[in-house]
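So the sequence shown is numbered by numbering that gives the first Met the number 0: it starts at 0 and just counts up by one. Even for Gly, the Cβ is constructed at its ideal location relative to N, Cα and C.
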Amino acid sequence: MAEPNKMLEETANYLLNHCFVLGGVEDQRAKYLYVQDHLPEVRAVFAPLGYAVTLYPAPLQAAALVNEHEGSQARLLKYESILLLVLRLLYLQKRESLAASADQVLVTVEEVQTELQKMNLPRRLDQRTLEELMRTLRRYNLARPVGRLTGLDSRIEVFPTVLLALPDADLADAAAESSRTREELALYERPDGDASGEEEE
0 MAEPNKMLEE
10 TANYLLNHCF
20 VLGGVEDQRA
30 KYLYVQDHLP
40 EVRAVFAPLG
50 YAVTLYPAPL
60 QAAALVNEHE
70 GSQARLLKYE
80 SILLLVLRLL
90 YLQKRESLAA
100 SADQVLVTVE
110 EVQTELQKMN
120 LPRRLDQRTL
130 EELMRTLRRY
140 NLARPVGRLT
150 GLDSRIEVFP
160 TVLLALPDAD
170 LADAAAESSR
180 TREELALYER
190 PDGDASGEEE
200 E
């Protein structure tokens, strides 16, 4: 009987739980390199389940587990989607100003809040809500806090997978979701509860 391949099992389970594995993150690098060097074997594990494994070489250095079946993809809550959109925008801005060899893209909570304000959302994200949203994004290897998010100068590391989780084709949908959320929350902000939007003469 053949010995079980522990690294294959570990990597496959990691992909199942996190969707992405990153070569640019130290504690994930070995798993990414394993996928890179043993891609046919990793794909063979998931193929019977209807999953595809896609490898993105440098500069992204990511492997992604994709399920094309309707209803099987991870579903983000409204504010999770909006935060992901903001982090994607900030990631692209920061990458333009960083050296090509830079591994980390870091943004501050203040930068995130500034971008959220540009969307004219009725309320800011408080620390507790932001931490809850970040737990989800961290689970899927999209971003992670650097330490605790205790103030506006607290930092968030944004991973290149934000470009894969929210590809260009989905940006319009995410923007529309942001607009709908703004409109829905605005109804609760009006003191008279009037949802008609008509001005008094």
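Pop quiz: residue i and residue j are said to be a contact at Cβ under 8 Å. What is the actual Cβ separation, rounded to whole angstroms?
i       : j       : result
Val-24  : Ala-62  : Contact doesn't hold; Cβ gap of about 12 Å is too wide.
Arg-154 : Val-145 : 4 Å
Val-41  : Ala-51  : That belief does not hold up - the Cβ atoms of Val-41 and Ala-51 are roughly 11 Å apart, past 8 Å.
With C-beta atoms as the reference, is residue i less than 8 Å away from residue j?
i       : j       : result
Thr-113 : Asn-140 : no
Gln-35  : Leu-54  : yes
Glu-156 : Leu-105 : yes
Leu-148 : Leu-136 : no
Tyr-33  : Met-6   : yes
Leu-162 : Glu-79  : no
Measure from the alpha carbon of residue i to the alpha carbon of each residue in the options, then state which is nearest.
i       : options                     : result
Gly-150 : Leu-97, Leu-132 and Glu-110 : Glu-110
Asp-152 : Gln-126, Leu-14 and Ala-11  : Gln-126
Lys-77  : Leu-124, Tyr-13 and Ala-11  : Leu-124
Ala-57  : Arg-28, Ala-11 and Gln-92   : Arg-28
Look up residue i in the DSSP assignment and say whether it is helix, strand or coil.
i       : result
Pro-47  : helix
Thr-113 : helix
Asn-4   : coil
Ala-63  : strand
Val-20  : strand
Val-41  : helix
Thr-107 : strand
Ala-29  : helix
Leu-14  : helix
Leu-54  : strand
Arg-123 : coil
Arg-138 : helix
Arg-154 : strand
Arg-94  : helix
Ser-71  : Caution is warranted here: a pLDDT of 46 is assigned to Ser-71, below 50, making its placement in the model unreliable, and the coordinate value is therefore given only provisionally. Coil.
Arg-143 : strand
Glu-9   : helix
Asp-102 : coil
Thr-160 : coil
Leu-209 : Past the boundaries of the shown model lies residue 209; the chain is included only from 0 to 200, so the question cannot be answered.
The region 82-94 contacting the region 108-120, beta-carbon criterion three pairs below 8 Å: yes
Contact between the region 89-108 and the region 46-57 is defined here as three or more beta-carbon pairs at a separation below 8 Å; is this criterion met? no
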